[in-house]
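Chemist: Residue numbers (my numbering): 447 to 749.
Where a beta carbon is used, it is the ideal one built from N, C-alpha and C, also for glycine.
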Amino acid sequence: MTEDELARLYAFVEAGYKEPSAIGRLRGAVSKAVAGLFPSRGEAGRAGSSRAADPWAAVYMKGRPNFLVPVAACRNYALFGFGETAFDAWQQTARQLAAAPETPAGDTVLARFARTFRPQTAAELLFSSPSVDVPESSPLWQLKTSEYMYFWPWSPGLRRWPTNVPQDLRLYNHGPLGDRILELEVWRLKRLVRSIGRNGYQPTGADSIRGVLFMLGDELRFVIAAGFHRVAVLAALGHDEVPVELASGQQRLMSLDQLRTWPLVREGVFSADLADLLVERLFAEDGSEMAARLGLGPGKDGA
447 MTEDELARLY AFVEAGYKEP SAIGRLRGAV SKAVAGLFPS RGEAGRAGSS RAADPWAAVY
507 MKGRPNFLVP VAACRNYALF GFGETAFDAW QQTARQLAAA PETPAGDTVL ARFARTFRPQ
567 TAAELLFSSP SVDVPESSPL WQLKTSEYMY FWPWSPGLRR WPTNVPQDLR LYNHGPLGDR
627 ILELEVWRLK RLVRSIGRNG YQPTGADSIR GVLFMLGDEL RFVIAAGFHR VAVLAALGHD
687 EVPVELASGQ QRLMSLDQLR TWPLVREGVF SADLADLLVE RLFAEDGSEM AARLGLGPGK
747 DGA
């Protein structure tokens with residue numbers, strides 16, 4: 447695809463798989479022009495923003511305070527991790543592109559990952575050994591990854607992919623990925639690697655990294671709800687910490703003592719035991735275990 451075609455596809459996906467209206471395109475052009483008139487002030491200069499001393503302080507502050515979390519504490523939608531020894535296909539691909547920007551999309555770790563990791567059900571997506579961990583009677587075996595977008599036990603509900611979104615344009619956090627989406631993702635990572643490499647990461651309200659905090663004993667995890675591409679690139683470029691915000695409309699801090707109140711546990715989609723096991727995996731694994739089973743290592747070259 448050409449640069450213009452990729453840009454249009456990106457706008458389409460980012461708009462929720464809808465063609466932006468004429469007014470929307472005008473607003474975008476005006477916002478871009480206005481932003482170019484003023485120097486970026488980074489996260490500290492955002493209107494109404496505040497900095498929390500640590501994640502625990504952020505939980506109790508009003509508004510959307512930003513704070514730093516270790517890259518190694520971040521997890522994506524499918525619970526792959528970030529950092530030197532962890533594995534995330536987007537992070538490994540960003541490392542490839544930082545070293546060799548002209549790497550074809552089909553030769554990236556992301557392409558290999560999408561060809562190799564193709565869970566068909568929620569059970570296969572979320573659990574390391576689904577045939578052992580998840581009983582045959584569990585509803586998780588009936589939830590198709592091609593039909594539903596989210597499967598976390600703490601999610602407000604199951605969210606289906608809109609029927610108007612073609613299968614080959616759906617951005618999954620696993621395989622298969624359509625050729626156009628794969629090319630778009632590599633293009634997007636390449637642009638982020640170039641931008642962050644040159645200018646650093648200076649988030650605005652529109653492109654901040656948002657998620658939910660999990661606590662288990664003295665440990666924490668930050669499960670990303672928005673901005674996992676940015677986390678992947680920051681990790682690939684060697685950042686040890688990332689500035690984040692807590693997602694709005696969700697409980698800010700999760701812990702196991704709340705497990706039986708989580709919506710999809712109460713609805714019976716997850717048993718309490720499976721929800722507990724999923725949280726255990728969230729803290730015990732960082733994606734490298736799954737990568738080893740897939741034949742995809744966590745090394746810097748993505749091998």
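Go ahead and label Asn-522 buried or exposed: buried means 16 or more other beta carbons lie within 10 angstroms of its beta carbon, across all protein chains shown.
Modeler: Burial call: buried.
Chemist: Exposed or buried, what is Asp-534 when buried is set at 16 or more other beta-carbons lying within 10 Å of its beta-carbon?
Modeler: Result: buried.
Chemist: Are the beta-carbon atoms belonging to Leu-525 and Gly-733 less than 9 Å from one another?
Modeler: Cβ distance < 9 Å, so Leu-525 and Gly-733 count as in contact.
Chemist: Less than 7 Å between C-beta atoms, sequence neighbours within five positions excluded: which residues of the same chain meet that for Val-515?
Modeler: So the list reads Pro-501, Phe-668, Glu-687, Val-688 and Val-690, once near-sequence residues are dropped.
Chemist: Can you have a look at Arg-712 and say buried or exposed, based on whether 16 or more other CB atoms are within 10 angstroms of its CB?
Modeler: Exposed, because fewer than 16 other Cβ atoms sit within 10 Å of the Cβ of Arg-712.
Chemist: Going by the CB atoms, is the gap between Ala-540 and Val-679 shorter than 9 Å?
Modeler: The answer is yes: Cβ separation under 9 Å.
Chemist: Considering Cα atoms alone, identify which of Ser-601, Lys-636 and Val-580 is closest to Leu-723.
Modeler: If we check each option's Cα against that of Leu-723, Val-580 comes out closest.
Chemist: Quick check: Cys-520 and Gly-509, are their CB atoms within less than 9 Å of each other?
Modeler: The answer is no: Cβ separation not under 9 Å.
Chemist: Please classify Tyr-618 as buried or exposed, where buried requires at least 16 neighbouring CB atoms within 10 angstroms.
Modeler: By the neighbour-count rule (16 or more Cβ atoms within 10 Å), Tyr-618 is buried.
Chemist: Determine the closest residue to Trp-536 out of Gly-621, Pro-709 and Arg-656, with distance taken between C-alpha atoms.
Modeler: Closest option to Trp-536, Cα to Cα, is Gly-621.
Chemist: DSSP three-state label for Asn-645, please.
Modeler: In this structure, Asn-645 counts as helix in the three-state DSSP scheme.
Chemist: Output needed for Lys-478: all residues of its chain with C-beta closer than 6 Å, excluding positions within five of it in sequence on either side, in chain order.
Modeler: Residue placement at Lys-478 is poorly supported in this model, since its pLDDT is 47, which falls under 50; the coordinates still yield a value, given next. No residues qualify anywhere along the chain.
Chemist: Span of the beta strand (DSSP E) holding Ala-672?
Modeler: Unbroken beta strand (DSSP E) run through Ala-672: 665 to 672.
Chemist: What span of residues does the beta strand (DSSP E) with Val-555 cover, start to end?
Modeler: Val-555 -> not in any beta strand (DSSP E); alpha helix (DSSP H) instead, spanning 555 to 562.
Chemist: Quick one: using the 10 Å Cβ neighbour count with 16 as the cut-off for buried, is Gly-643 buried or exposed?
Modeler: Gly-643 is exposed by the Cβ-count criterion.
Chemist: Which complete beta strand (DSSP E) runs does the segment 511 to 558 hold, if anything under 3 residues is left out?
Modeler: DSSP runs (the beta strand (DSSP E)) wholly in the segment 511 to 558: 512 to 516.
Chemist: With H, G and I counted as helix, E and B as strand and the rest as coil, what does DSSP make of Met-700?
Modeler: Strand at Met-700.
Chemist: Using the Cβ count rule (16 or more neighbours within 10 Å means buried), how would you classify Asn-512?
Modeler: Result: buried.
Chemist: Taking the DSSP output, what are the residues bridged to Met-414?
Modeler: Residue 414 cannot be examined here, being either before or after the span of the chain that is shown, 447 to 749.
Chemist: Please list the terminal residues of the continuous beta strand (DSSP E) segment that includes Val-690.
Modeler: 687 to 692 is the extent of the beta strand (DSSP E) around Val-690.
Chemist: I think Arg-698 touches Leu-692, with their Cβ atoms under 8 Å apart; what is that distance to the nearest whole Å?
Modeler: The pair is a contact, with the Cβ atoms about 5 Å apart (cut-off 8 Å).
Chemist: Taking Glu-451 and Phe-458 to be in contact with their CB atoms under 8 Å, please state how far apart those CB atoms are, rounded to whole angstroms.
Modeler: About 10 Å; that fails the 8 Å criterion.
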